[in-house]
Structure formats: C-alpha cells, structure tokens
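Visitor:
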Amino acid sequence: NLKGTDWDSRADNANSFCFGRDRTVHVADINGDGADDLICHNDRIGSVSTDLANPRANWRVGTGLRGKDAFYDLAFCNTQDARLLIGAFGANDSRADLFCHNTVTGHMAMLKARSRGTFRIPTGY
C-alpha cells in the first residue's frame, strides 16, 4: 500500500528516472514522513537516485511533481555478489537506510538516511 503522492509522472522525467536494464526501483520511506519514496539503484555502477513523495499532495497526474530529488554517484552495492537491503537499521527513526552485504566476502556497507531525505556518506563494516 503506497502512501506517497509526489512521484515523477511528467513525460520528460518519467523517461529518465530509473531507466535502463541495470536499475532497480525500491519503495521505502527515506525521510520518515510517512510517505513512501522511490529509490533507484543502478546495480552495475552503484549509483543511487531518490524521488521523495509529498505526503500532503493529492494524487493527480501532473501536480506536485519534483522529479529526481537526489543523486549519489557512488560504487555502492555494485558487485554480482552484493545484496541490497532496505530498512530502519540500528535507529528508532523510521527512516529507510540502505544496507549492502557481499555474500562472498562478507563486506557490509550502509547509507544512513537523514530526515531531509538524503543519505550520509557510506559506512563500511
């Protein structure tokens, strides 16, 4: 049950957000406002894009659209053996963090979500 209402639906943005065969769309509340946001992860190069939903907007095509809110050009979770998990890890803040686990090497990394809908610099474990 998606509770967000402010995602891309303009033709110029809809064709560019998370477009391509190496990209996966995830749905989670990044900023803890109760609305489900969109997260695009490029599995090949590891970049992450977000599109934050506006929890107060009415769902009508063509209204309240922001497009891509943030882009992170990182090599995050971009190997064949890496698995991306999304959840509120280690904090009671209801914001969705991105957690990566390499199933072969055991390496782990996390992008912690901030209240403004951005992520902190990756932390490796």
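Using UniProt numbering, you'd call the opening residue of the sequence shown number 1 and step up by one each time. Ideal Cβ positions, reconstructed from N, Cα and C, are used throughout, including at glycine.
Work out the CA separation of A35 and N54 for me, nearest whole Å.
Guide: N54 and A35: Cα-Cα distance of roughly 7 Å.
Visitor: Pull up the distance between the alpha-carbon of S47 and that of R114, whole angstroms please.
Guide: 18 Å
Visitor: Take the Cβ of A109 as the centre, count every other Cβ of all protein chains shown within 10 Å, and call the residue buried at 16 or more, exposed below.
Guide: buried
Visitor: Below 8 Å on the Cβ atoms is my guess for S49 versus F71; work out the distance and round it to an integer in Å.
Guide: 5 Å
Visitor: D69 by DSSP, collapsed to three states: which one?
Guide: coil
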